[in-house]
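In the numbering used here, the protein residues as written are 149 to 643. Data block below; observations after.
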Amino acid sequence: MRLYNTRTRSVEDFVPMRDGDVRIYVCGLTPSAQAHLGHARSFLFFDVLRRYLKHRGYRVTYVQNVTDVDDRSINEAKETGETYRDVVIRYYGEFKDAMRTLGVMPYDYEPYATEYIAEIQAMIAKLITAGHAYVAPEGIYYRVASFARYGELSNRNVEELESGARIEVDEQKEDPLDFALWKFAKPGEPSWLFEPYGDGRPGWHIECSAMAAALLDADGTGIDIHGGGADLIFPHHENEIAQSEPLMQRPPMANFWVHGGLLLFDNRKMAKSLGNFEPLADLVARHDPQAIRWLFLQTGYRKVMNFTEESIGAAAQGLARIKSAYRTLSQASSGVTPSSVEGLDARMEAALDDDMNTAAALAALYDFTARAASMVERPSIASAAVAHLRYWLEVLGVTPTGAWLEEPATTLPGQLVSNLQAALDAAEADSMRVAIAGLPPHEAVERILAARNEARRGRDWSTSDRLRAALQRCGIEINDGKDGTTWSYVSAASR
RNA sequence: GGCGACGUAGCCAAGUGGUAAGGCAGGGCUCUGCAAAAGCCCCAUUCGGCAGUUCGAAUCUGCCCGUCGCCUCCA
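Okay, here's the thing in structure tokens:
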């Protein structure tokens with residue numbers, strides 16, 4: 149397959165360094181605030197990448213870290229009166245719940261920075277010895293001038309960076325570009341012993357260098373893929389390279405640097421500092437998680453994408469078509485599974501081999517399901533079709549569930565009966581209001597439908613339509629079919 | 001100021017030299033008491049603008065316009 153490599157700024161053939169094994173390190177969350185959809189987009193992409201690499205037959209080892217001690221979580225804790233650890237546990241717990249709901253596979257390793265203090269310190273000591281770091285009054289800093297290739301990943305040159313007005317001048321640093329590897333303890337802040345330099349905590353960046361090496365690159369010859377959001381290219385990944393590569397046997401730190409495009413909201417980057425986002429947990433609760441995934445699959449992973457509420461509705465509609473075809477094919481299936489279905493596998497692989505072109509992959513699925521109706525005639529073909537469809541949906545992480553085989557949602561809210569009574573009031577059907585009082589929601593719906601069908605049999609269309617309107621006001625969509633009337637509940641969120 | 005991405009139908013979006021995928025919305029049809037759902041069909045002579053290269057350009061080059069990102073914390 150081919151994959152875009154930020155390091156070379158080109159699409160290259162992806163070949164694992166070790167035969168059959170792919171090692172991936174993705175920079176995870178710094179849980180200092182609620183996660184948002186932008187985080188989800190990034191991690192959802194890497195989830196699909198993992199799944200596809202597995203389809204391709206590789207054994208994938210996936211590491212996604214948690215930067216659990218950092219200025220941000222410490223500051224948040226000061227504001228809320230918690231410990232930084234409380235803050236991390238709370239926000240990271242919410243994040244993991246959302247990831248699970250979105251169908252992200254468990255990570256092989258999920259290292260916390262504070263569990264790797266020893267490795268971090270060992271790395272800092274080596275950097276000092278090698279002349280890449282120095283001790284200053286408030287901390288230990290990385291000497292950017294000591295690393296000639298600084299700026300290569302992000303295509304920046306040091307002079308331009310230094311002339312930039314945005315760099316804070318700090319007297320204790322040799323150079324404004326130098327960054328903290330270790331921050332000496334201040335009162336009230338978490339700290340760890342570090343002889344002989346002084347107690348303190350790690351700076352941002354060093355934890356990833358240390359953990360990536362500890363978990364995936366013990367011999368210092370590099371890993372296959374290092375990833376994250378595009379906003380991490382500079383300075384985070386640039387700094388990781390500067391920290392890691394001077395100590396390695398054989399750079400580069402990562403063969404492929406892979407970055408996901410950022411998510412915009414209102415055409416501005418989704419970020420806590422801009423205040424323009426809805427917490428991920430809320431969005432996941434309000435929408436079908438599979439529709440959220442589908443939405444991201446529609447757009448190239450490297451492209452900047454603008455999120456709108458409408459776009460997720462459109463994605464849900466599209467996914468509903470796939471679900472419908474899946475249901476149709478499943479019902480027609482003979483139970484035996486022939487080996488292949490023309491074209492689908494080849495088209496999916498061609499799309500995903502091409503730098504994970506998920507949008508083209510979805511087009512292949514739509515074209516394929518458009519032929520479902522004609523495949524229904526042949527049960528064995530339908531069996532193969534549904535098996536292959538299911539397989540590819542799983543590769544994309546949109547795994548068909550039992551619910552796909554049922555008519556749309558039948559879980560009813562508890563207050564439905566009183567809603568119905570209010571709606572019926574508007575329909576001037578007093579007797580019915582009394583009749584459904586105290587009934588469980590399902591039975592209440594059935595009771596009203598029975599009355600409606602009686603009216604229909606008597607060709608009393610106005611009563612029939614009034615009852616239908618009352619049901620619709622409460623989210624009950626009905627469908628008069630040849631074999632009687634079916635109904636489903638459409639939740640307020642998706643209506 | 002430096003670096004970079006993007007601009008394709010009403011909306012989203014694939015496509016980076018060979019004559020515009022796909023989705024949503026919209027329209028038509030089938031079904032239906034009417035609807036809804038579902039299925040089928042239709043829906044860009046044209047790719048921000050202007051020049052240029054080429055037998056041929058959405059795709060390459062130049063200039064211009066617009067939007068966004070990174071350069072500070074950021075997925």
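Just so it is clear, CB atoms sit at the ideal spot from N, CA and C, and this is done for glycine as well.
Kindly indicate which three-state DSSP category VAL489 falls into: helix, strand or coil?
Correct three-state label for VAL489: coil.
Note down, in chain order, each residue of its chain lying with its Cβ closer than 7 Å to the Cβ of ILE624, except the 5 sequence neighbours on either side.
VAL593, TRP635 and TYR637
If you draw a straight line from the alpha carbon of TRP330 to that of GLU224, how long is it in whole angstroms?
20 Å
Can you check which of these residues, ARG199, PRO164 and HIS435, is closest to ALA402 by C-alpha distance?
PRO164
In three-state DSSP terms, what is GLY423?
DSSP, read as helix, strand or coil, puts GLY423 in coil.
Among THR262, THR249 and ILE272, whose alpha-carbon lies nearest the alpha-carbon of LEU395?
ILE272
Identify every run of the alpha helix (DSSP H) within the segment 528-600, keeping only runs that are complete inside it and at least 4 residues long; order them along the chain.
564-574 and 578-584
I'd like to check one pair, TYR200 with VAL543: are the Cβ atoms closer than 8 Å?
yes
Rounded separation between ALA439 and ARG207 - CA only
28 Å
Leaving out five residues on either side along the sequence, give the residues of the same chain with a beta carbon under 7 Å from the beta carbon of LYS202.
Only VAL208 meet the Cβ criterion.
Counted within 10 angstroms of its Cβ, other Cβ atoms place THR549 as buried (16 or more) or exposed:
Exposed, by the Cβ-count rule.
Starting from ILE288 and walking both ways along the beta strand (DSSP E), at which residues does that stretch end?
287-290
Between ALA328 and TYR264, is the Cβ-Cβ spacing less than 8 Å?
no
Tell me whether ASN387 sits in a helix, a strand or coil according to DSSP, three-state version.
Look at ASN387 here: in three-state DSSP terms it is helix.
Which residue or residues does DSSP assign as beta-bridge partners of PHE649?
Residue 649 lies beyond the residue range present for the chain, which begins at 149 and ends at 643; the question has no answer from this structure.
Are the beta-carbon atoms of ILE373 and ILE172 separated by less than 8 Å?
yes
Endpoints, beta strand (DSSP E) assigned at VAL283:
Counted as a single uninterrupted DSSP element, the beta strand (DSSP E) harbouring VAL283 occupies residues 281-283.
Comparing alpha-carbon positions, which option in LYS471, THR476, TRP442 and GLY377 lies nearest VAL452?
GLY377
So ILE624 is in the beta strand (DSSP E); what residue range does that whole segment cover?
624-629
Measuring only the C-alpha atoms, how far is ASP573 from GLN620?
14 Å
Own chain partners of PHE243 with C-beta closer than 6 Å, once the 5 adjacent residues on each side are dropped
LEU177 and ALA183
Span of the alpha helix (DSSP H), counted from its first residue to its last, around PHE382
Looking at the DSSP string, PHE382 is not in any alpha helix (DSSP H), and its letter there is neither H nor E.
Under the DSSP definition of a beta bridge, which residues are partnered with GLN212?
VAL174
Beta carbon of GLY408, beta carbon of PHE162: below 8 Å?
no
Use the C-beta contact count for ASN415: other C-beta atoms within 10 angstroms, 16 or more gives buried, fewer gives exposed.
exposed
Let me make sure I understand the geometry here. Which of PHE191, GLY168 and ASP167 has the alpha-carbon closest to that of TYR449?
PHE191
As assigned by DSSP and simplified to three states, the class of LYS471
Correct three-state label for LYS471: helix.
With three or more beta-carbon pairs closer than 8 Å as the criterion, would you say the segment 419-437 touches the segment 332-346?
no
Specify, as a first and last residue, the run of the alpha helix (DSSP H) that GLU160 falls within.
No alpha helix (DSSP H) holds GLU160; the beta strand (DSSP E) holding it covers 158-161.
Put TRP609 into one of helix, strand or coil per three-state DSSP.
The DSSP-derived three-state label of TRP609 is helix.
Over the uninterrupted alpha helix (DSSP H) stretch that includes MET271, give me the two end residues.
265-277
My assumption, with CB atoms under 8 Å, is that MET496 sits in contact with ALA509. Please give the rounded CB distance.
5 Å
Quick one: give me the first and last residue of the alpha helix (DSSP H) that TYR239 is part of.
First-last of the alpha helix (DSSP H) with TYR239: 232-249.
Contact under 8 Å by Cβ, SER478 with LEU553:
Against a cut-off of 8 Å, the Cβ pair of LEU553 and SER478 comes out as a contact.
Taking the alpha helix (DSSP H) that ALA183 belongs to, which residues open and close that run?
That residue, ALA183, is in no alpha helix (DSSP H); it is neither H nor E in DSSP.
Find out if the Cβ-Cβ distance for the pair VAL236, LEU363 is shorter than 8 Å.
It is not a contact, given that the beta carbons lie outside the stated cut-off.
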